[in-house]
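Enquirer:
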Amino acid sequence: MNPTKISRMSAAKLSVCFDMVISKNWKSHGTTTTTTTRYTCDCLPEMKKNLKYNIQLSLCNNGEQEGKITFASCACPAGKGPCGSCKHIAALCYALKEFVRLKTLFETCTSRLQTWNQPRKRKLDSQSVYEIDFSKKIYRREERNNAKPLNDPRRPSERNNDPKNVNRELLDKIKRVKPNCGFFCLLSDEKLDQNKNDIISPIKEHPVSLTDIFDRAKIIKRNLVGSDQERQNIALATKAQSNCQAWFEHRRVRITASQSKRALIKPSTSPTKAMKEILHYNNQYQRNKMKQGLKDEKKIILEYENKLDCKVSETGFVISQSHPFFGASPDGEVDGGLVEMKRIFTDGLSLKEAVCKRRICRDTCHGLVINRNHKFYYQVQQLMLCTKSSWTDLVLSDTVNLIILHVRKDKKFLSDIVPKLEKLYDNHISLELAYPRVYYGLARLSKLIN
Ligand SMILES: [Zn+2]
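Okay, so the sequence shown: first residue is 1 according to UniProt numbering, each after it adds one.
1) Roughly how many angstroms lie between the CA atoms of G30 and D125, to the nearest whole one?
2) What whole-angstrom Cβ distance do residue 483 and E432 have, given they're in contact under 8 angstroms?
3) Is the beta carbon of S397 sitting closer than 9 angstroms to the one on K221?
4) Would you kindly check if the distance between the Cβ of F325 and the Cβ of R251 is under 9 angstroms?
5) Cα separation between Q379 and E277?
6) Expressed to the nearest angstrom, what Euclidean distance is found between the alpha-carbon atoms of T33 and A75?
7) Taking only the alpha-carbon atoms, compute the straight-line gap between V438 and N373 and give it to the nearest angstrom.
8) What do you reckon, is the C-beta of residue 453 under 8 angstroms from a heavy atom of ligand 1?
9) So what does F134 bridge to, in DSSP terms?
10) Exposed or buried, what is Y130 when buried is set at 16 or more other beta-carbons lying within 10 Å of its beta-carbon?
11) Taking 8 angstroms as the cut-off, does the CB of K49 come closer than this to any heavy atom belonging to ligand 1?
12) Within 10 Å of its beta-carbon, does I154 have 16 or more other beta-carbons around it, so buried, or fewer, so exposed?
13) Please report the distance separating the alpha-carbon of A217 from that of N223.
14) Can you check the region 276–359 for any beta strand (DSSP E) of at least 3 residues that lies completely inside it and give the ranges in chain order?
15) Leaving out five residues before and five after D363 in sequence, what residues of the same chain have Cβ atoms less than 6 angstroms from its Cβ?
16) Do T37 and L59 have their C-beta atoms within less than 9 angstroms of each other?
17) In the structure shown, what three-state DSSP assignment does S23 receive?
18) Quick one, what's near ligand 1 if you take every residue whose CB is closer than 5 angstroms to any heavy atom, in chain order?
19) Could you give the distance in angstroms between the alpha-carbon of S28 and the alpha-carbon of A91?
20) Look at the alpha carbon of S410 and the alpha carbon of G441, and state the distance between them as a whole number of angstroms.
21) Compute the Euclidean distance between the alpha carbons of K196 and P163, then round it to the nearest angstrom.
22) In chain order, what residues of the same chain have a beta carbon less than 7 angstroms from the beta carbon of N371, not counting five sequence neighbours either side?
23) Expressed to the nearest angstrom, what Euclidean distance is found between the alpha-carbon atoms of T70 and K121?
24) Whole-angstrom Cβ separation of L405 and Y304, contact assumed at under 8 angstroms?
25) Per DSSP, what kind of secondary structure is Y435 in: helix, strand or coil?
26) Return yes when the Cβ of T392 is within less than 9 angstroms of the Cβ of S329, no when it is not.
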């Protein structure tokens with residue numbers, strides 16, 4: 001057979017031929033007798049991947065008839081012996097011929113890497129992005145000098161060609177929002193005093209023993225205590241309230257005034273749900289809702305100022321001096337007292353009807369009187385505890401009308417609720433802060449202990 005014939009064969013037949021050899025299942029072992037040599041081999045079919053065809057082939061090995069096929073059979077449907085003539089037998093014949101020519105089992109072209117499409121070797125060194133020319137190159141008619149730089153979509157005033165300055169600005173912005181984020185720590189040369197800012201340091205080793213957790217809880221509670229100066233600084237720094245990160249950080253570890261009533265649960269009730277709310281696990285940052293609330297609040301403050309002809313000043317997060325695990329963010333301060341705004345949705349009722357229906361106050365012969373069992377009462381009392389103010393104006397408004405309830409500090413009421421709140425903080429909240437389990441959806445630690 002002429003080797004050129006192999007290349008003339010159709011692709012289907014060739015691939016069969018090569019499959020057989022690639023498979024290495026070719027166990028061609030000749031047994032020489034006086035007249036014929038017998039070959040057996042396995043051939044993998046082209047399409048049916050789970051089959052193997054056994055081929056038997058006998059060739060004359062001497063005399064005039066040398067090379068003549070005396071017997072051929074294949075397991076495929078077309079290869080019935082003794083005169084089988086299927087493509088698998090043909091493939092074996094071509095493979096034998098190639099074996100004779102090369103004196104070895106040959107590698108097919110499909111099992112080698114292609115050799116005709118060799119990439120050129122490029123000698124380029126790495127470059128900084130500033131050195132790369134991104135301008136569009138113009139070839140042919142126009143001259144290369146006319147190449148225009150890439151269009152800069154920024155306004156001319158914002159085009160800053162000094163990367164160091166840009167980086168500086170970016171890092172400053174990050175520092176304002178979240179100074180302990182990894183990006184800042186990696187890129188900035190500034191060393192932040194981490195321990196000073198963090199009330200809770202990360203747990204360093206596992207497993208943690210119960211004594212360790214109790215110790216940590218104690219340390220956390222101790223870290224809440226700050227000097228007068230520190231508490232004043234926090235109050236000043238958090239005036240932007242929900243617009244500043246520090247406000248969230250300091251609020252996170254304390255019982256805030258708005259959660260005061262929520263924290264007072266019956267001893268028989270599981271505190272897990274209340275804990276989740278106090279630690280803001282469920283709705284950590286409802287920023288959009290807060291934004292709308294803040295907008296309405298600004299409006300209500302203006303109306304209050306007009307009505308009473310006074311000036312309300314902003315306040316930040318105030319931490320109680322006597323009970324540092326309490327915090328409060330009053331809406332404003334006025335003439336030695338506090339102002340707390342509440343946006344009331346009236347649902348078609350008058351404002352007075354709406355506040356009575358929601359049991360915020362009762363309508364008596366002396367006018368509206370605040371309900372001492374409503375959460376707003378607990379909230380304003382805790383506000384006064386933290387700020388040491390003696391009165392609060394609770395302003396209820398539907399943004400059009402105002403109801404102002406003048407609430408005095410109720411020392412008896414506070415002396416009743418404060419020990420209960422402290423107990424909840426010690427028994428449940430500080431443990432969760434020291435070793436968060438509820439946060440990760442596990443049973444609270446205090447439950448496991450009892
Ligand atoms: Zn066959």
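For glycine and all other residues, C-beta sits at the position ideal for the given N, C-alpha and C.
Expert: Per the coordinate set shown:
1) Legend: pLDDT at G30 = 47, less than 50; position of this residue unreliable, value from coordinates given subsequently. If you take the alpha carbons of G30 and D125, they lie about 59 angstroms apart.
2) An answer regarding residue 483 cannot be provided, because it is not within the stretch 1 to 450 covered by the chain.
3) Contact flag unset, no.
4) The answer is no: Cβ separation not under 9 angstroms.
5) Going by the C-alpha atoms only, they are around 15 angstroms apart.
6) Since pLDDT at T33 reaches only 47, below the 50 mark, its modelled position is unreliable, and the value read off the structure follows with that caveat. Distance from the CA of T33 to the CA of A75, rounded to the nearest whole angstrom, comes to 24 angstroms.
7) Rounded to whole angstroms, V438 to N373 spans 29 angstroms at the Cα level.
8) An answer regarding residue 453 cannot be provided, because it is not within the stretch 1 to 450 covered by the chain.
9) Per DSSP, F134 has no beta bridge partner at all.
10) By the C-beta density criterion, Y130 is exposed, having fewer than 16 other C-beta atoms within 10 angstroms.
11) At a cut-off of 8 angstroms, the beta-carbon of K49 does not count as near ligand 1: no heavy atom of the ligand is closer than that.
12) Looking at the sequence itself, residue 154 is Arg, so the reference to Ile does not match. Residue environment analysis places R154 among the exposed positions, since fewer than 16 neighbouring C-beta atoms fall within 10 angstroms of its C-beta.
13) Approximately 10 angstroms, taken between the alpha carbons.
14) Listed in chain order, they are 326–328, 332–334 and 337–343.
15) Hits under 6 angstroms: C356.
16) Yes.
17) Because S23 sits at a pLDDT of 36, beneath the cut-off of 50, its placement in the model cannot be relied upon, and the point is left open.
18) Checking every Cβ against the heavy atoms of ligand 1 under 5 angstroms gives C74, C76, G79, C86 and H88.
19) Because the pLDDT of S28 is 45, which lies under 50, any placement of that residue in the model is unreliable, and the question is left without a value.
20) Correcting the residue type first, residue 410 is Asp in the shown sequence and not Ser. Between D410 and G441, the C-alpha separation is close to 38 angstroms.
21) Its pLDDT being 49, under 50, K196 is placed unreliably by the model, and the measurement read from it follows with that caveat. In a straight line, the C-alpha of K196 is about 32 angstroms away from that of P163.
22) Residues of the same chain with a CB within less than 7 angstroms of the CB of N371, apart from the 5 flanking positions on each side, are R359, I360, C361, R362 and Y377 in chain order.
23) Distance between the alpha carbons of T70 and K121: 55 angstroms.
24) Actually they do not touch by this definition, with Cβ atoms about 12 angstroms apart.
25) Y435 sits in coil when the DSSP states are folded into three classes, being neither helix nor strand.
26) With a cutoff of 9 angstroms on beta-carbon distance, S329 and T392 are scored as not near each other.
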